[in-house]
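This report refers to the structure that appears directly beneath it.
Protein chains: 2
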Amino acid sequence: MSNIAQVAATMKLESPVMAATSLEMRNDALAGIRDALLAHKEQIFAANAADLAAAEESGVAAPIVKRLKFNEEKLQGVCDGIGDLIGLPDPVGRLQLRRELDEGLVLERRAVPIGVIGVIFEARPDALVQISTLCLKSGNCAILKGGSETMRTNKALFEVIHAAAVEAGLPESCLHQVEAREEIGELLACDESVDLLIPRGSNAFVRYIMDNTRIPVMGHADGICHVYVDRDADVQKAVAVVVDAKTQYVAVCNAVETLLVDRAGAETLVPALVDALKAAGVEVRGDAEVQALADCVPATDEDWDTEYLSLVISVKVVGGVDEAIEHINKHGSHHTDAIVTENAQTAARFQQLVDSAGVYWNCSTRFADGFRYGFGAEVGISTSKLHARGPVGLDGLVTYKYWLAGNAHVVADYASGAKSFHFRDL
Amino acid sequence: MSNIAQVAATMKLESPVMAATSLEMRNDALAGIRDALLAHKEQIFAANAADLAAAEESGVAAPIVKRLKFNEEKLQGVCDGIGDLIGLPDPVGRLQLRRELDEGLVLERRAVPIGVIGVIFEARPDALVQISTLCLKSGNCAILKGGSETMRTNKALFEVIHAAAVEAGLPESCLHQVEAREEIGELLACDESVDLLIPRGSNAFVRYIMDNTRIPVMGHADGICHVYVDRDADVQKAVAVVVDAKTQYVAVCNAVETLLVDRAGAETLVPALVDALKAAGVEVRGDAEVQALADCVPATDEDWDTEYLSLVISVKVVGGVDEAIEHINKHGSHHTDAIVTENAQTAARFQQLVDSAGVYWNCSTRFADGFRYGFGAEVGISTSKLHARGPVGLDGLVTYKYWLAGNAHVVADYASGAKSFHFRDL
Chain Y
39 MSNIAQVAAT MKLESPVMAA TSLEMRNDAL AGIRDALLAH KEQIFAANAA DLAAAEESGV
99 AAPIVKRLKF NEEKLQGVCD GIGDLIGLPD PVGRLQLRRE LDEGLVLERR AVPIGVIGVI
159 FEARPDALVQ ISTLCLKSGN CAILKGGSET MRTNKALFEV IHAAAVEAGL PESCLHQVEA
219 REEIGELLAC DESVDLLIPR GSNAFVRYIM DNTRIPVMGH ADGICHVYVD RDADVQKAVA
279 VVVDAKTQYV AVCNAVETLL VDRAGAETLV PALVDALKAA GVEVRGDAEV QALADCVPAT
339 DEDWDTEYLS LVISVKVVGG VDEAIEHINK HGSHHTDAIV TENAQTAARF QQLVDSAGVY
399 WNCSTRFADG FRYGFGAEVG ISTSKLHARG PVGLDGLVTY KYWLAGNAHV VADYASGAKS
459 FHFRDL
Chain L
39 MSNIAQVAAT MKLESPVMAA TSLEMRNDAL AGIRDALLAH KEQIFAANAA DLAAAEESGV
99 AAPIVKRLKF NEEKLQGVCD GIGDLIGLPD PVGRLQLRRE LDEGLVLERR AVPIGVIGVI
159 FEARPDALVQ ISTLCLKSGN CAILKGGSET MRTNKALFEV IHAAAVEAGL PESCLHQVEA
219 REEIGELLAC DESVDLLIPR GSNAFVRYIM DNTRIPVMGH ADGICHVYVD RDADVQKAVA
279 VVVDAKTQYV AVCNAVETLL VDRAGAETLV PALVDALKAA GVEVRGDAEV QALADCVPAT
339 DEDWDTEYLS LVISVKVVGG VDEAIEHINK HGSHHTDAIV TENAQTAARF QQLVDSAGVY
399 WNCSTRFADG FRYGFGAEVG ISTSKLHARG PVGLDGLVTY KYWLAGNAHV VADYASGAKS
459 FHFRDL
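From first to last, the protein sequence lines are chains Y and L.
For the first sequence, our numbering assigns the number 39 to the initial residue and increments by one for each residue that follows.
For the second sequence, our numbering assigns the number 39 to the initial residue and increments by one for each residue that follows.
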């Protein structure tokens, strides 16, 4: 048995103990983690400085180096986040159903932690803190593997977090950190012990994970988001929404990649939108109709299925809301898609028929985010339809189980007709 | 593109239309299906007679032939089931969250159908009716593949059901039947179009499906259920629960396979339980301690991990509730496990720490069933922890999506601090 398999098996056996911890103990652990992070900040910053030096030495690009940084400001951010998390209600134990099946036979359904969660995430030290505290708050055990570019910072943060969690009374095996990249393969084989994997990172990486494990995976492989600007759109609003959705932060899954414009308004809309996008530094790739109305790069068929994650947008003219819906359901990634229109009926049709986790009306796709939804924080965004869809916060980290209590009730009595169910919700 | 891939792709594109149908139309379709089944019963019975003749000719065992039968009684059963289903509330559209993120920016989360569901099920004609009507009630499109032993009955039932559904106004592609076994492989490859697979059948079959598709799978591979009889158990209650859980219907996943007995009460409990089981025709396989207290077959290590699905039970003496919990979490299949005790505190500990979909106190594991939980019917029982756990009824066939409506709200305003969220639940 590999080291990871042993760790996971132990964690699995201890996970019911973790699941049974009180909210008070879990919140105490979070408060302890916050205090410990502040108390040990110098050694964490020192580890981060070593990571940054190594990254610069090996020629990592400046924008990426920025993400690796863990400084006073990032520390304050994660500590504020922990404070918010402490204030959130307990996701565990919530009663979802209470039903008397028959005299003296009572069924209850309550939320319980998922158990053992594996999270593989990018080299961002603040993500390690967010993910581990979300898992602990929701009563889960977690195996964490962060990007190796911040391995020194990860190690320093993890040691502080784990020690504080155990100090507060949580089980020793509530958290484990995987350091070597080779161990990811071992983790993927732990389908007997790990209940859920959450991979974050590039599309190729997430697909690789999905294809190489029996463990259920929560995540998204693509983020091809659309804005459809309808004939009844207000031009100014359309420009504001599209420019924000494309440019506010390009390297994220909820940024827009394809703009669809209603033919019935295209003569006004296309030039206004293309001009605004170009003024914001965006490369515009248009289909033939767009090219006829504005100066742009010709789009190819491939563009409709491409996630640029950069200052590039594809633009297409469509014959109205139904064609927009069809295009989105066919080419999109079922993440987040928006319509701009003043026509409430058209908006309702779009929002009803677009098969995505988020269907937006007159607002930017960039709102698709756990913090912006008021979930406190998120472990990721799911484009799967099962279990959790869209931004996943604490609620996505619990499942439920059924409690049934009787007094020597047996099924034979119901099969014979001697007794019958009466199903009364209590 | 294979035939199934084309069907699935069309279904995927039409699934939002199906999802948008009114409850009235879906209920009308169910009523129409019930009427059509009754009106066409002679041709259905004739098809079934041909299936039964073929089964007998090819030497299928009598108990299995019984399951293939579709007669007046089975017809009445499925028609009653459709009546119950019509009466159940709409699982689609239910509001789960409504929150004002900021002035004029309102988030809503509502239940929506999953989309396209593939169901592969055993040769039981009544299952075809139950599964198709559950899918239609929940606004889903479905691809159905029933066991080939009843292919003529399946075909007759499907034609009647599909025609009645379309007659009521549901989209043509709401349902599709797969007839050839070779097409299962093609179905497994449709991960772009099929949102969920529900395989029912043998463990080996379900595992095969799980290992050969990227589509999320809901189901259970094993049903190793336990009853733990505690030192504080009432002997009569223990006997009643254990005998029912083992013998009421042996060929099902919620029947008990292993009995655990508390050492502190073993001298009285073991003989009473073993005698009662043997009197009911059960082969008892005991560990050394059980063998010392009652006449039985010696159990081997393999027995603790075996799903007999027959009149065999393994019995082990354990050192109390904690050892029982550890044994169950290690050897069980996280399906349904019960404790028999008069001690409420011990029961609570067991129910809290056993990591199974159902945790029962003083009642038979055989209650783990959608009908007995009051769900109307079930598409299956899930031992997965994600999405749906335990018996899966209509609620397990829906997901949700997020609606967000604003007035040209952009994220840049919140990033800059010009605006801030206030998160007010409405």
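From the three backbone atoms N, C-alpha and C, an ideal C-beta is built for every residue, glycine too.
Since the model is a prediction, treat every value here as computed from it, not as a measurement.
Near serine 468 (chain Y), which residues of its chain fall below 6 Å by C-beta distance, leaving aside the five closest residues on each side in sequence? Within the shown structure, residues of chain Y are numbered from 39 to 464, placing residue 468 (chain Y) beyond reach of any answer.
Please identify, using Cβ separations under 8 Å, the residues of the region 328 to 345 of chain L that lie next to chain Y, in order along the chain. none
Proximal chain Y residues relative to glutamate 364 (chain L), where beta-carbon distance stays under 9 Å: Within chain Y, Leu51 have C-beta atoms less than 9 Å from the C-beta of glutamate 364 (chain L), given in sequence order.
Boundaries (first-last residue) of the alpha helix (DSSP H) holding glutamate 106 (chain Y): Note that residue 106 (chain Y) is leucine in the sequence shown here, rather than glutamate. From DSSP, the alpha helix (DSSP H) with leucine 106 (chain Y) extends over 100 to 106.
I'd like to know if serine 422 (chain Y) contacts chain L, where contact means its C-beta is closer than 8 Å to some C-beta of that chain. yes
Between L:Asp73, L:Asp260, L:Ile102, which lies nearest to glutamine 114 (chain L) when the distance is taken from Cα to Cα? L:Asp73
By DSSP, does lysine 457 (chain L) sit in helix, in strand, or in coil? Coil, per DSSP.
Stretch-stretch touch, CB-based, cutoff 8 Å, three pairs: the region 207 to 227 of chain L with the region 166 to 184 of chain L: yes
Range of the contiguous beta strand (DSSP E) that encloses glutamate 321 (chain L): Membership of glutamate 321 (chain L) in the beta strand (DSSP E) is indicated by the continuous run 321 to 324.
Assuming glutamate 146 (chain L) contacts tryptophan 399 (chain L) (C-beta within less than 8 Å), just tell me the rounded distance between them. That pair is no contact at about 39 Å.
Listing by chain order, which chain Y residues have their CB less than 7 Å from the CB of valine 449 (chain L)? Asp282, Gln286, Ser402, Arg404, Phe405
What in chain L is Cβ-close to asparagine 367 (chain Y), meaning under 7 Å? Leu51, Pro54
Answer yes or no: do serine 211 (chain Y) and glutamate 52 (chain Y) have a C-beta to C-beta separation smaller than 8 Å? yes
Going by Cα to Cα distance, which pick from Y:Leu123, Y:Gln215, Y:Glu187 is closest to isoleucine 199 (chain Y)? Y:Gln215
Helix, strand or coil: how does DSSP classify aspartate 140 (chain L) here? Note: aspartate 140 (chain L) maps to strand in three-state DSSP.
On the three-state DSSP scale, how would you describe serine 186 (chain L)? helix
Could you name the residues of the same chain whose beta carbon sits closer than 8 Å to that of glycine 142 (chain L), not counting the 5 residues immediately before and after it, in chain order? Gly444, Asn445, His447
Excluding the 5 residues flanking valine 277 (chain L) on each side, which residues of the same chain have their C-beta closer than 8 Å to its C-beta? So the list reads Ala310, Leu311, Ala314, once near-sequence residues are dropped.
Please report whether the beta-carbon of phenylalanine 388 (chain L) lies at a distance below 8 Å from any beta-carbon of chain Y. No, its Cβ sits nowhere closer than 8 Å to a Cβ of chain Y.
For the region 256 to 279 of chain L, which residues have a beta carbon sitting closer than 7 Å to at least one beta carbon of chain Y? Result list: Lys275, Ala278, Val279.
Using a Cβ cut-off of 7 Å, pull out every chain Y residue sitting near asparagine 445 (chain L), in sequence order please. Chain-ordered, the chain Y residues with CB closer than 7 Å to the CB of asparagine 445 (chain L) read Asn400.
Output, in sequence order along the chain, the residues in the region 124 to 142 of chain L whose CB is closer than 7 Å to any CB in chain Y. From the region 124 to 142 of chain L, only Arg137, Leu139 have a Cβ closer than 7 Å to chain Y.
Curious, which full-length alpha helix (DSSP H) runs of at least 4 residues does the region 283 to 345 of chain Y contain? 304 to 317, 326 to 331
Can you tell me whether histidine 264 (chain Y) sits near the ligand MN, meaning its C-beta is under 7 Å from at least one heavy atom of the ligand? With respect to the ligand MN, the structure offers nothing, as it holds no ligand at all.
Starting from arginine 148 (chain L), find everything on chain Y with Cβ-Cβ shorter than 7 Å and list it in chain order. Within chain Y, no residue comes near arginine 148 (chain L); the closest Cβ sits about 10 Å away, beyond 7 Å.
Identity of the residue in L:Val288, L:Ala326, L:Thr403, L:Ala386 nearest tyrosine 346 (chain L) by Cα: L:Val288
Please list the partners that valine 397 (chain Y) has in chain L, where partner means a Cβ-to-Cβ separation under 8 Å. Correct list: Lys439, Tyr440, Trp441, Leu442.
Any beta carbon from chain Y within less than 8 Å of arginine 219 (chain L)'s own beta carbon? By this cut-off, arginine 219 (chain L) is not an interface position.
Considering only residues of the same chain and omitting the five flanking positions on each side of threonine 191 (chain Y), which have a CB-CB separation below 6 Å? Ala85, Asn86, Asp89, Phe108, Pro163
Please name the residue in L:Val436, L:Thr344, L:Ala317 whose C-alpha comes closest to that of cysteine 334 (chain L). L:Ala317
For chain Y, is any of its Cβ atoms less than 8 Å away from the one on isoleucine 253 (chain L)? no
DSSP state of asparagine 400 (chain Y) mapped onto helix, strand, coil: strand
List the DSSP bridge partners of histidine 447 (chain L). Answer is Y:Cys401, bridged to histidine 447 (chain L).
Am I right that valine 308 (chain Y) and alanine 283 (chain Y) are in contact with their C-beta atoms under 8 Å? What's the rounded C-beta distance? About 17 Å; that fails the 8 Å criterion.
Please state whether DSSP places tyrosine 246 (chain L) in a helix, a strand or coil. helix
How many angstroms separate the CA atom of glycine 177 (chain Y) from the CA atom of leucine 213 (chain Y)? 11 Å
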